[in-house]
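Note that the working numbering has the sequence shown beginning at 2, numbered continuously upward.
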Amino acid sequence: MTDWTSLKVPRHVRDRLATAAQARGLTVRALLDDLSRKAADDALMEQAAAQMEHLRNNDPESWAEYLQEGAAWEEGTVERIDA
């Protein structure tokens with residue numbers, strides 16, 4: 002059995018969600034699920050970006066190593082075209 006809860010929002014927010022869901026061919030429940038997943042993913046990406054910026058600004062040597070490793074991985078995954 003799934004645990005359900007109610008979410009209280011102002012009517013104008015509910016109506017805006019309903020309009021957005023309908024335009025996408027979704028239920029409001031599905032739209033909220035999609036939006037919450039995107040918000041969680043965005044938060045993780047923002048956290049990763051902040052950590053990378055911190056590394057770049059505070060540990061240039063480790064940042065250079067990170068870039069070198071990334072370049073090595075990229076080089077190893079590039080599909081070569083035979084001439």
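Think of the CB as a built atom: it goes at the ideal place given N, C-alpha and C, for glycine as much as any other residue.
Short of 8 Å in beta carbon distance, which residues of its chain neighbour residue i, apart from the five on each side in sequence? Order them along the chain.
i     : result
Leu18 : Val10, Val29, Leu32, Leu33
Glu47 : none
Below 7 Å CB to CB, which residues in the same chain sit around residue i once its five sequence neighbours on both sides are set aside?
i     : result
Arg25 : Leu32
Alpha helix (DSSP H) runs contained entirely in the segment 20-78, provided each spans 4 or more residues:
Counting whole runs of 4 or more residues, the segment 20-78 contains the alpha helix (DSSP H) stretches 29-59, 61-78.
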